[in-house]
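Quick notes on the structure that follows.
Number of protein chains: 4
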Amino acid sequence: MTSPDNIRVGVLGARGRMGAQAVQAVEGAEGMEVVAKLDAGDALSGLVDAKAGVVIDFTHPDAVMDNLRFVVENGISAVVGTTGFTEERLARVREWLSGKPETGVLIAPNFALGAVLAMRFAAQAARFYESAEIIELHHNRKADAPSGTAAHTARMVAEARRSAGLRPGADATTSEVDGARGASVDDVRVHSVRLPGLVAHEEILFGGQGETLTIRHDSIDRVSFMPGVLLGVREVRRRPGLTVGLENVLDL
Amino acid sequence: MTSPDNIRVGVLGARGRMGAQAVQAVEGAEGMEVVAKLDAGDALSGLVDAKAGVVIDFTHPDAVMDNLRFVVENGISAVVGTTGFTEERLARVREWLSGKPETGVLIAPNFALGAVLAMRFAAQAARFYESAEIIELHHNRKADAPSGTAAHTARMVAEARRSAGLRPGADATTSEVDGARGASVDDVRVHSVRLPGLVAHEEILFGGQGETLTIRHDSIDRVSFMPGVLLGVREVRRRPGLTVGLENVLDL
Amino acid sequence: MTSPDNIRVGVLGARGRMGAQAVQAVEGAEGMEVVAKLDAGDALSGLVDAKAGVVIDFTHPDAVMDNLRFVVENGISAVVGTTGFTEERLARVREWLSGKPETGVLIAPNFALGAVLAMRFAAQAARFYESAEIIELHHNRKADAPSGTAAHTARMVAEARRSAGLRPGADATTSEVDGARGASVDDVRVHSVRLPGLVAHEEILFGGQGETLTIRHDSIDRVSFMPGVLLGVREVRRRPGLTVGLENVLDL
Amino acid sequence: MTSPDNIRVGVLGARGRMGAQAVQAVEGAEGMEVVAKLDAGDALSGLVDAKAGVVIDFTHPDAVMDNLRFVVENGISAVVGTTGFTEERLARVREWLSGKPETGVLIAPNFALGAVLAMRFAAQAARFYESAEIIELHHNRKADAPSGTAAHTARMVAEARRSAGLRPGADATTSEVDGARGASVDDVRVHSVRLPGLVAHEEILFGGQGETLTIRHDSIDRVSFMPGVLLGVREVRRRPGLTVGLENVLDL
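Residue numbers (the working numbering), protein chains in the order written: chain F, -18 to 233; chain L, -18 to 233; chain R, -18 to 233; chain Z, -18 to 233.
Printed below as a string of structure tokens:
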């Protein structure tokens, strides 16, 4: 809906799979509107002409750095779902932002609120339990096992456990058929199930005396990324500088 | 294990079901030891003689107020699992504590860390989702439905939703067999399953576009309360005054 | 794939949502091919011209009886997903089939193999357990609670329990917030959860001393009906007469 | 309860963990009574003196063959939970029984009805799905991974798949952290989770187009074996000869 109070949003990669969904999501959301839809070949100056306040970038690792330099120079904040950010790239973005106290950039590898919340809660719960394991379940066309999200969760859980002085969970297994106990990611066991009929699911299990705590996220459609993107659009202008990870704008 | 650095713990209600478990738990824990085991009829002065620094109270609503007045007056901190605390009772405890800047009292209706974490995470997740429902599952000897924990969780979720300006989740049901949609607790639907072979289980489900987040706690033994009690013993002396609810000593 | 040995399949309602999926499924399957695609307004004689051996009917209650009379008269077998079959309608189909020892009709309210298997297993398990309850979970645009499948499952479980001489499961609930214990369908409790992000899920729980058995079916796409339709196409010609329910061609 | 119509039950290994539970279970059941409780050192002739009709044997691999020879010679049927039966041992029991048309022996590695039903349903469902995997979850004091029950289930599922002409489920994994995809038992993937707070749980997952079917068994107490033992006592006299596996007396 058009309104002078709306956040004016430009979408980069607007004809791509995620970009097209972002356009649709912004158009359906309150308090914001799409003012520019650009894709490969379009001039970035269109963002300035359209007076965009925030851009959403779902483009390509080859394009995203040029996009970010341009928008930061022009005082436009950015919500970025494009992948391929190294420490070196993040450092450059920080440098560009250093002279722009009113411009923010949010770069997030995962915009699914549920996945981000699950990871955060897992990290919070980790220090209260003797042991933790992860089961992730995906469709059987997936190439990597475990999933990036599950591996990342495992490392967050492991880090929280170490900070609390916990050693790896006790495991009395003495006879194992190879692989039964899953992959060890930073001393946290991760099990990867692959079946047709599944989409993307993750379960983090914690065990203590007489009880277990389980945090589970089920995602069945990439539309599930959009509430996180919209939240990013709303929050990024209030957070100058670089923010990495959606969890850092959730105010948990 | 005995050590001059140990927290010296007195257990009130030491022959009761929970008290006996608390004795055992303290004896098995690092950094603390049991110095007094009292039950109905024993003189509270035994706590002072034993130089107890913290008492654990699993007694009875009829006894707990006298116990608390005594221990606070003697500068002994307390971890209390006894039930029956009204606002009026809490106010009296606060008053006793007002002149004792080094004495703390922790009163908690639920010492199961997993249940407390599940509630906390549910309250944190609530504002990010269009809708939430609760399923709690217990053995079929339970008299009340929903369980106290599930009803409490529902109210916490409802409160978090209201604070975020969310209205009750949309529900298109127009034809319902009576009871199918569960109980409405503060506009959050709660479903109570009762079966032999279950113990105590709670599942909080959140739904948004294309995704769900589920937080589940399974408790199969009351030994699951003990890590929470021990955590309380460690934390209560660092927190003068009255603390209600284990969640408030978890530093989440 | 075309082959002289293929089952020659005609699809009625071929432009409808389910019919179109059926066309695609048959075209992708081994041992069968689509020889006729008809929709409202097309002459049924096209089925005879195309030498169809089996028709799939996803049409409308107003059309299906005329369709069935025609195909049975012409010795064509039928797999029917159209709804609206009363006992009276079934009797008429049986009558038409009585003179056709080589023609079969399979009418099924549910072609999802998983749902049919879940119901069958639930009926088999029922007599071994003291108590059973059902949780069904659907998206929050659904109008009826409980779902037809869950209500049907409840009645099958109840019937199996009665046949085994079991009384309704014990329930000690004395204090209930209205609706907490779910709907009573034939003395089996059914709980209906409604959330965005869900599609169609059913869980049948059985409880006995120290153990529970859970049978769960998750359906996230109506493509899940197609393996059941294809199975029907393969089986219907070997089963003259009327068969009601996919479970009766599964040879369990 | 005592009654002339009762099945007269002798318990061997009556002071052992399982035997003692069996005594208690028979005493609480309708239609049967305990007439002899024997343990190591007691004369087997006590069974004849007590006119036992059925014995329950939870003893030891070293003792069970002598026990069985004695009871079969005396026309007493037997329900056996003792382990260690090889093909050679089973052949000897069959031979002893060959001259006893009214005596039956039931030997079962698992008396948990739910575990047996779960395996049976899994074997029945297997041929309808493209792919199947198993997750088993146990307390972290367990020495072997996967559990014997899960490995046995995997082989049953694999056998059912082969009989139906199915090849191993498709798996697009090209990049795997060692162990992530679990153990391969007869081409079925099995994942073993080990956590304190768990007891014994097994989940068999089947995946097809747009749907999954899950069969789950949770056991939290060895009392869960007793309904299976009692069912065995009731059924064994009606089944002369040797029966191996509780599933074969369930009449599914």
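In this text, a Cβ means the ideal position worked out from N, Cα and C, and glycines have one as well.
Annotation: residue 31 of chain R has no Cβ neighbours in chain Z at a cutoff of 7 Å; minimum Cβ distance is about 27 Å. Residue 195 of chain L is a Cβ neighbour of residue 197 of chain F, given a cutoff of 8 Å. Contacts between residue 201 of chain L and chain Z, judged by CB atoms closer than 8 Å, involve 178, 180 and 201 in chain order.
Closer than 9 Å at the C-beta level to chain R, one finds no residue of the stretch 17 to 51 of chain Z. Contact of residue 125 of chain R with chain L is assigned, a C-beta pair being separated by under 8 Å.
Less than 8 Å separates the beta-carbon of residue 192 of chain Z from that of residue 199 of chain R. Distances from the CA of residue 122 of chain R to each of L/139, L/136 and L/152 were compared; the closest alpha carbon is that of L/152. Around the CB of residue 128 of chain L, 16 or more other CB atoms lie within 10 Å, so the residue is classed as buried. By the rule that beta-carbons nearer than 8 Å mark a contact, residue 104 of chain L does not touch chain F. Between the stretch 162 to 180 of chain L and the stretch 145 to 165 of chain Z, the count of C-beta pairs closer than 8 Å stays below three; the two stretches do not touch. Classified as exposed, residue 21 of chain Z has fewer than 16 neighbouring CB atoms from the shown chains inside 10 Å of its CB. Straight through space, the alpha carbons of residue 180 of chain F and residue 111 of chain Z are spaced by roughly 15 Å.
Between residue 154 of chain R and chain L, the shortest Cβ-Cβ separation is below 8 Å. In this structure, the alpha-carbon of residue 166 of chain R lies about 27 Å from that of residue 103 of chain Z. When only Cα atoms are considered, residue 16 of chain Z and residue 156 of chain R end up about 43 Å apart.
Counted as a single uninterrupted DSSP element, the stretch harbouring residue 230 of chain Z is not any alpha helix (DSSP H), since DSSP gives it neither H nor E. When secondary structure is reduced to three states using DSSP, residue 163 of chain L falls in the coil class, being assigned neither helix nor strand. As the crow flies, the alpha-carbon of residue 107 of chain F is around 17 Å from that of residue 207 of chain L.
When secondary structure is reduced to three states using DSSP, residue 92 of chain L falls in the coil class, being assigned neither helix nor strand. Annotation for residue 117 of chain R: the continuous beta strand (DSSP E) segment containing it runs 112 to 119. For residue 215 of chain Z, there is no enclosing beta strand (DSSP E); the enclosing alpha helix (DSSP H) has its first and last residue at 207 to 217. At a cut-off of 8 Å between beta carbons, residue 193 of chain F contacts chain Z. Collapsing the DSSP output to three states places residue 158 of chain Z in coil. Residues of chain L whose Cβ lies closer than 9 Å to the Cβ of residue 121 of chain R are, in chain order, 111, 112, 150, 151, 152, 153, 154 and 188.
Under the three-pair Cβ rule at 8 Å, the stretch 73 to 85 of chain L counts as touching the stretch 217 to 232 of chain L.
Chain-ordered, the chain F residues with CB closer than 8 Å to the CB of residue 207 of chain L read 190. Distance from residue 227 of chain L to residue 71 of chain L at the Cβ level is roughly 15 Å; contact not present, criterion being Cβ atoms closer than 8 Å. Taking all protein chains shown into account, residue 142 of chain L has 16 or more neighbouring C-beta atoms within 10 Å of its C-beta and is therefore buried. Ranking R/41, R/27 and R/177 by CA distance to the CA of residue -3 of chain R puts R/41 first.
Chain-ordered listing is empty here: chain L has no CB closer than 9 Å to the CB of residue 183 of chain R, the nearest sitting near 13 Å. A distance below 8 Å between beta-carbons, with the five flanking residues on each side excluded, links residue 75 of chain L to the following residues of its chain, in chain order: 222 and 223. DSSP links residue 193 of chain R through a beta bridge to R/188 and Z/199.
In this structure, L/38 is the residue among L/80, L/79, L/38 and L/77 with its C-alpha nearest to the C-alpha of residue 65 of chain L.
The beta carbon of residue 6 of chain Z is closer than 7 Å to those of 207, 210 and 211 in its chain, skipping five residues each way along the sequence. Per DSSP, the continuous beta strand (DSSP E) segment holding residue 38 of chain Z begins and ends at 35 to 38. In the DSSP assignment, residue 133 of chain F falls outside any beta strand (DSSP E) and lies within the alpha helix (DSSP H) extending over 129 to 144.
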